Amino acid sequence: MGEEHHHHAPPPVQAPPAGPPPPNLALSRGPVWNPTEQLSQLHYCIHSNPLWPVALLLGFQHYIVMLGTTVLIATTLVPAMGGDHGDKARVIQSLLFMSGVNTLLQTWFGSRLPTVMGGSFAFLLPVLSIINDYTDRTFPSEHERFTYTIRTIQGSLIVSSFVNIFLGFSKTWGNLTRLFSPIIIVPLVCVAGLGLFARGFPLVANCVQIGLPMLILLVITQQYLKRLHHAAHQVLERFALLLCIAVIWAFAAILTVAGAYNTAKPQTQVSCRTDRSYLMSSAPWIKVPYPFQWGTPIFRASHVFGMMGAALVSSAESTGGFFAAARLSGATPPPAHVLSRSIGMQGIGMLLEGIFGSVVGTTVSVENVGLLGLTHIGSRRVVQISCGYMIFFSIFGKFGAFFASIPLPIFAAIYCVLFGIVAATGISFIQFANTNSIRNIYVLGLTLFLAISIPQYFVMNTAPDGHGPVRTDGGWFNDILNTIFSSAPTVAIIVGTLIDNTLEGKQTAVDRGLPWWGPFQNRKGDVRNDEFYRLPLRINEYMPTRFL
Numbered sequence: 003m004g005e006e007h008h009h010h011a012p013p014p015v016q017a018p019p020a021g022p023p024p025p026n027l028a029l030s031r032g033p034v035w036n037p038t039e040q041l042s043q044l045h046y047c048i049h050s051n052p053l054w055p056v057a058l059l060l061g062f063q064h065y066i067v068m069l070g071t072t073v074l075i076a077t078t079l080v081p082a083m084g085g086d087h088g089d090k091a092r093v094i095q096s097l098l099f100m101s102g103v104n105t106l107l108q109t110w111f112g113s114r115l116p117t118v119m120g121g122s123f124a125f126l127l128p129v130l131s132i133i134n135d136y137t138d139r140t141f142p143s144e145h146e147r148f149t150y151t152i153r154t155i156q157g158s159l160i161v162s163s164f165v166n167i168f169l170g171f172s173k174t175w176g177n178l179t180r181l182f183s184p185i186i187i188v189p190l191v192c193v194a195g196l197g198l199f200a201r202g203f204p205l206v207a208n209c210v211q212i213g214l215p216m217l218i219l220l221v222i223t224q225q226y227l228k229r230l231h232h233a234a235h236q237v238l239e240r241f242a243l244l245l246c247i248a249v250i251w252a253f254a255a256i257l258t259v260a261g262a263y264n265t266a267k268p269q270t271q272v273s274c275r276t277d278r279s280y281l282m283s284s285a286p287w288i289k290v291p292y293p294f295q296w297g298t299p300i301f302r303a304s305h306v307f308g309m310m311g312a313a314l315v316s317s318a319e320s321t322g323g324f325f326a327a328a329r330l331s332g333a334t335p336p337p338a339h340v341l342s343r344s345i346g347m348q349g350i351g352m353l354l355e356g357i358f359g360s361v362v363g364t365t366v367s368v369e370n371v372g373l374l375g376l377t378h379i380g381s382r383r384v385v386q387i388s389c390g391y392m393i394f395f396s397i398f399g400k401f402g403a404f405f406a407s408i409p410l411p412i413f414a415a416i417y418c419v420l421f422g423i424v425a426a427t428g429i430s431f432i433q434f435a436n437t438n439s440i441r442n443i444y445v446l447g448l449t450l451f452l453a454i455s456i457p458q459y460f461v462m463n464t465a466p467d468g469h470g471p472v473r474t475d476g477g478w479f480n481d482i483l484n485t486i487f488s489s490a491p492t493v494a495i496i497v498g499t500l501i502d503n504t505l506e507g508k509q510t511a512v513d514r515g516l517p518w519w520g521p522f523q524n525r526k527g528d529v530r531n532d533e534f535y536r537l538p539l540r541i542n543e544y545m546p547t548r549f550l
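Here the sequence shown is numbered in the working numbering, starting from 3 and rising by one per residue.
Listed below in structure tokens is the structure:
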């Protein structure tokens with residue numbers, strides 16, 4: 003018999019004991035910041051109020067900031083309409099009056115956010131289309147042409163206001179915003195600021211002698227000098243803007259009196275001199291804007307359709323402004339029902355603008371949203387106080403004309419700072435989504451780039467008379483498309499909503515930040531929603547919820 007060989011299995015190899023996890027290199031190099039829903043550096047949030055003297059001065063500052071866009075709109079449109087300096091002064095008064103009224107409506111019954119409602123450039127193309135239709139017609143005088151044009155604008159505003167009223171009070175706009183995520187909010191708010199770059203340094207360069215010193219002085223005073231002494235910190239942080247305006251405005255007046263611009267080009271003199279607006283001499287002492295002050299509105303279907311496109315664009319622009327204002331005032335993102343309510347109230351405001359004879363509709367003033375971040379004060383009361391200044395200076399024209407005579411390059415320098423703050427506020431929303439997701443990077447990058455590139459193409463190919471790149475036989479169709487695609491926030495909503503919801507939308511819900519975003523979109527999804535957005539005087543208890 004042969005020997006039997008028994009083969010035994012080798013003993014199992016035991017895994018070495020688990021050691022400590024590898025060190026987190028990011029933690030070893032510095033702290034990791036957790037997402038923060040509310041900014042901690044605000045001195046006053048949406049429902050806290052400064053002392054009355056401080057609030058009054060801050061309200062005046064908001065009035066001054068919104069004044070630049072108001073004057074720029076009137077300066078652009080009134081001469082093309084055939085109006086003189088007196089007509090320009092009355093248009094500015096009407097714009098200021100309606101801005102004050104609409105801001106009160108929004109802060110009381112609309113969004114409840116501290117947002118100033120100012121004139122919107124989205125209405126520029128439809129208004130230019132109306133102007134062009136009357137250029138070749140014969141009128142007894144240029145003033146008659148101006149009056150006929152503004153009456154046509156009135157009729158178009160009245161009819162197009164029902165677009166916003168329907169979108170808002172039917173909750174259509176709110177249901178659209180339920181499709182949003184932080185990936186959409188980032189480019190929407192970013193381009194609400196970046197999309198206005200043409201009103202920044204290009205206007206500063208029109209008079210670099212006062213625009214550039216204003217920009218440099220504002221940055222140094224508001225950010226650097228305030229750190230030299232504790233006593234000056236709060237004063238300069240809150241009121242450096244007013245101080246810088248006074249200094250540079252006085253400097254511009256000295257250059258004007260000294261004859262520094264006597265031999266300059268006419269356009270340079272208009273931008274630099276303090277005596278070229280002619281508002282002080284032409285504005286009435288007292289003039290109360292009243293309904294149909296220019297005459298009976300004129301309704302033409304071809305003009306109404308173009309204005310409807312502008313009304314839609316103003317809703318998109320306001321939505322971006324509302325999200326930025328909520329962030330900079332310490333509030334939670336506005337829920338869907340609040341956005342619906344605010345857009346509906348904006349439509350009512352546009353209806354009033356048509357009745358009172360404004361030349362454009364209103365939207366959220368992006369520069370005033372940026373001012374919330376500049377001063378660290380997001381108080382709703384401060385913005386409501388600014389309405390008092392708007393209405394007062396719209397009635398007492400000489401006093402309003404004094405401040406409206408500030409050269410536009412000074413305002414443009416301010417906008418370089420304020421628009422940048424709003425753009426950076428949009429970037430801060432990315433913290434609530436997965437920034438390491440290639441999918442999110444793709445959607446965010448494509449939306450942001452197209453939201454800047456497409457409107458730039460339309461602006462570059464738009465003639466001075468308002469004819470844009472879309473030129474078909476239907477003028478109303480041209481106005482709608484040219485207006486929509488000239489707006490960066492509107493393009494951001496279209497592109498972002500389409501791609502973010504169709505590109506693995508359900509599978510990437512967590513990466514998109516929807517678990518964080520979802521509760522804010524419901525009326526009772528977050529306990530703070532009612533705290534920030536409930537209507538005053540317990541109106542909520544007496545109104546059906548479908549209207550809130």
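Glycine included, every Cβ here is placed at the ideal spot set by N, Cα and C. Only a predicted model underlies this, so the values are computations on that prediction, with no experimental measurement involved.
Report task. Output yes or no for whether 8 Å exceeds the beta carbon distance between phenylalanine 398 and isoleucine 288. Result -> Taking the sequence shown and counting its residues from 1, the one referred to as residue 398 is at position 396. Taking the sequence shown and counting its residues from 1, the one referred to as residue 288 is at position 286. For phenylalanine 398 and isoleucine 288, yes; Cβs fall inside 8 Å.
Requested in this report: Give the C-beta separation of serine 317 and leucine 374 to the nearest angstrom, bearing in mind that I take them to be a contact with Cβ-Cβ under 8 Å.
Outcome: The count along the sequence shown starts at 1 and reaches residue 317 at position 315. The count along the sequence shown starts at 1 and reaches residue 374 at position 372. Incorrect: roughly 21 Å between the Cβ atoms, too far for contact.
Report task. Check whether the segment 184 to 197 touches the segment 377 to 392, counting contact only when three or more Cβ pairs, one atom from each stretch, lie closer than 8 Å. Result -> no
Query raised in the report: In three-state terms, what does DSSP make of threonine 258?
Result: By one-based count along the sequence shown, residue 258 stands at place 256. The answer is helix: DSSP assigns threonine 258 an H, G or I state.
Report task. State the DSSP-derived secondary structure class of tyrosine 46, mapped to helix, strand or coil. Result -> As a working note, residue 46 is residue 44 in the sequence shown. The answer is strand: DSSP assigns tyrosine 46 an E or B state.
Query - Straight-line gap, methionine 119 to leucine 181 (C-alpha atoms, nearest Å) - result: Reading the sequence shown from its first residue, position 117 is the one you call residue 119. Reading the sequence shown from its first residue, position 179 is the one you call residue 181. Near 25 Å, if we compare the C-alpha coordinates of leucine 181 and methionine 119.
Report task. Please report the Cβ distance between glutamine 108 and serine 381, rounded to the nearest whole angstrom; I am assuming they are in contact, meaning their Cβ atoms lie under 8 Å. Result -> Mapped onto the sequence shown, residue 108 falls at position 106. Mapped onto the sequence shown, residue 381 falls at position 379. No, glutamine 108 and serine 381 are not in contact; Cβ-Cβ is about 15 Å, not under 8 Å.
Requested in this report: Please work out which residues of its chain come closer than 6 Å, Cβ to Cβ, to phenylalanine 431, disregarding the five sequence neighbours upstream and downstream, and give them in chain order.
Outcome: Here the question's residue 431 lines up with position 429 in the sequence shown. Taken in chain order, the residues that qualify are Pro184, Ile187 and Val188.
Requested in this report: From the DSSP output, in three-state form, read off threonine 449 for me.
Outcome: Numbered from 1 along the sequence shown, position 447 holds the residue referred to as residue 449. If DSSP states are grouped into helix, strand and coil, threonine 449 belongs with the helices.
Report task. Would you give the residue range spanned by the beta strand (DSSP E) that threonine 140 belongs to? Result -> Position 138 of the sequence shown holds residue 140. Run containing threonine 140: none; DSSP gives neither H nor E here.
**Report entry** Own chain residues within Cβ distance below 6 Å of glycine 4, not counting five before or after
**Finding:** Within the sequence shown, numbered from 1, the residue matching residue 4 stands at position 2. Because glycine 4 sits at a pLDDT of 46, beneath the cut-off of 50, its placement in the model cannot be relied upon, and the following sentence gives the value as read from the coordinates. Hits under 6 Å: none found.
Query - Backbone CA spacing between leucine 127 and methionine 309 [nearest angstrom] - result: Translated into the one-based positions of the sequence shown, residue 127 becomes position 125. Translated into the one-based positions of the sequence shown, residue 309 becomes position 307. Answer to the nearest angstrom: the Cα atoms are 9 Å apart.
Query raised in the report: Since glycine 121 sits in a beta bridge, which residues does DSSP pair it with?
Result: Start at 1 with the first residue of the sequence shown, and residue 121 comes out as number 119. The partner list for glycine 121 (beta bridge, DSSP) reads Thr364.
Query raised in the report: Would you say valine 193 and alanine 403 are within 8 Å of each other, going by their C-beta atoms?
Result: Taking the sequence shown and counting its residues from 1, one reaches residue 193 at position 191. Taking the sequence shown and counting its residues from 1, one reaches residue 403 at position 401. Contact flag unset, no.
Report task. State buried or exposed for tyrosine 65, treating a residue as buried only when at least 16 other CB atoms are found within 10 Å of its CB. Result -> Locating residue 65 in the sequence shown gives position 63, counting from the first residue. When all chains shown are included, tyrosine 65 counts as buried.
Query raised in the report: If we ignore side chains and look at the alpha-carbon of each, how far apart do glutamine 236 and lysine 228 end up?
Result: Here residue 236 is taken as the residue at index 234 of the sequence shown, counted from 1. Here residue 228 is taken as the residue at index 226 of the sequence shown, counted from 1. One C-alpha to the other measures close to 7 Å.
Query raised in the report: Is leucine 354 closer than 8 Å to valine 103 when the C-beta atoms are compared?
Result: Position 101 of the sequence shown holds residue 103. Position 352 of the sequence shown holds residue 354. The answer is yes: Cβ separation under 8 Å.
Requested in this report: Have a look at proline 293 and phenylalanine 358 and give me their C-alpha separation to the nearest angstrom.
Outcome: Looking up residue 293 in the sequence shown gives position 291. Looking up residue 358 in the sequence shown gives position 356. Approximately 4 Å between the Cα atoms of the pair.
**Report entry** Residue span of the alpha helix (DSSP H) that contains phenylalanine 479, given as start and end
**Finding:** Taking the sequence shown and counting its residues from 1, the one referred to as residue 479 is at position 477. Element bounds for phenylalanine 479: 477 to 486.
Query - Euclidean distance between Cα positions of aspartate 513 and valine 472 - result: Counting from 1 along the sequence shown, the entry for residue 513 is found at position 511. Counting from 1 along the sequence shown, the entry for residue 472 is found at position 470. Spanning the two alpha carbons is a distance of roughly 38 Å.
**Report entry** Residue range of the unbroken alpha helix (DSSP H) whose run includes serine 273
**Finding:** The sequence position of residue 273 within the sequence shown is 271, counting from 1. Per DSSP, serine 273 belongs to the alpha helix (DSSP H) from 268 to 274.
Query raised in the report: When DSSP labels each residue in this structure, what does isoleucine 379 get in the three-state scheme?
Result: Start at 1 with the first residue of the sequence shown, and residue 379 comes out as number 377. Looking at isoleucine 379 - three-state DSSP - the assignment turns out to be strand.
Query raised in the report: For leucine 1, does the three-state DSSP call read helix, strand or coil?
Result: A query on residue 1 cannot be resolved here, the shown segment of the chain reaching from 3 to 550 and no further.
Requested in this report: Count the CB pairs spanning the segment 217 to 234 and the segment 83 to 103 that are closer than 8 Å, and state whether there are at least three.
Outcome: no
Query - Beta-carbon gap between alanine 91 and leucine 281 smaller than 8 Å - result: The residue labelled residue 91 in the question sits at position 89 within the sequence shown. The residue labelled residue 281 in the question sits at position 279 within the sequence shown. In contact: alanine 91 and leucine 281 (Cβ atoms closer than 8 Å).
Query raised in the report: Can you give the Cα-Cα distance for asparagine 370 and phenylalanine 62, rounded to whole angstroms?
Result: Locating residue 370 in the sequence shown gives position 368, counting from the first residue. Locating residue 62 in the sequence shown gives position 60, counting from the first residue. If I take the Cα positions, the gap works out to 12 Å.
Query raised in the report: Ordered along the chain, which non-local residues of its own chain (more than five positions away) have a Cβ less than 8 Å from that of leucine 220?
Result: Within the sequence shown, the letter at position 218 stands for residue 220. Ala242, Leu243, Cys246, Ala415, Ile416 and Val419, listed in sequence order.
Query raised in the report: For leucine 181, does the three-state DSSP call read helix, strand or coil?
Result: Along the sequence shown, one-based indexing puts residue 181 at 179. It is coil, neither helix nor strand.
Query raised in the report: Using a C-beta cutoff of 8 Å, does lysine 289 count as contacting chain B?
Result: Considering every chain present, this structure includes no chain B. It has just one protein chain.
Query raised in the report: How close, in whole Å, do the beta carbons of threonine 321 and arginine 530 come, if the pair is a contact with beta carbons under 8 Å?
Result: On the sequence shown, residue 321 is found 319 positions in, with the first residue counted as 1. On the sequence shown, residue 530 is found 528 positions in, with the first residue counted as 1. So it is not a contact: roughly 20 Å between Cβ atoms.
Query raised in the report: Which whole-angstrom value is the C-beta distance of serine 342 and glycine 195, which I expect to be below 8 Å?
Result: Here the question's residue 342 lines up with position 340 in the sequence shown. Here the question's residue 195 lines up with position 193 in the sequence shown. Their Cβ separation, rounded to whole angstroms, is 24 Å, which puts serine 342 and glycine 195 out of contact at 8 Å.
Query - Simplified DSSP assignment, three categories, for glutamine 509 - result: Locating residue 509 in the sequence shown gives position 507, counting from the first residue. Coil at glutamine 509, not helix or strand.
**Report entry** Touching by the beta-carbon criterion (3+ pairs, under 8 Å), the segment 297 to 312 and the segment 140 to 159
**Finding:** yes
Requested in this report: Determine the burial state of glutamate 6: buried for a count of at least 16 other Cβ atoms within 10 Å of its Cβ, exposed for fewer.
Outcome: Along the sequence shown, one-based indexing puts residue 6 at 4. Its pLDDT being 48, under 50, glutamate 6 is placed unreliably by the model, and the measurement read from it follows with that caveat. Per the 10 Å Cβ criterion, exposed.
Report task. Grab the span of the alpha helix (DSSP H) containing valine 529 for me, first residue to last. Result -> The sequence position of residue 529 within the sequence shown is 527, counting from 1. Here the alpha helix (DSSP H) through valine 529 covers 529 to 535.
Query raised in the report: Whose C-alpha, out of Leu314, Ala406 and Gly498, is nearest the C-alpha of threonine 174?
Result: Indexing the sequence shown from 1 puts residue 174 at position 172. The shortest C-alpha separation from threonine 174 is found at Leu314.
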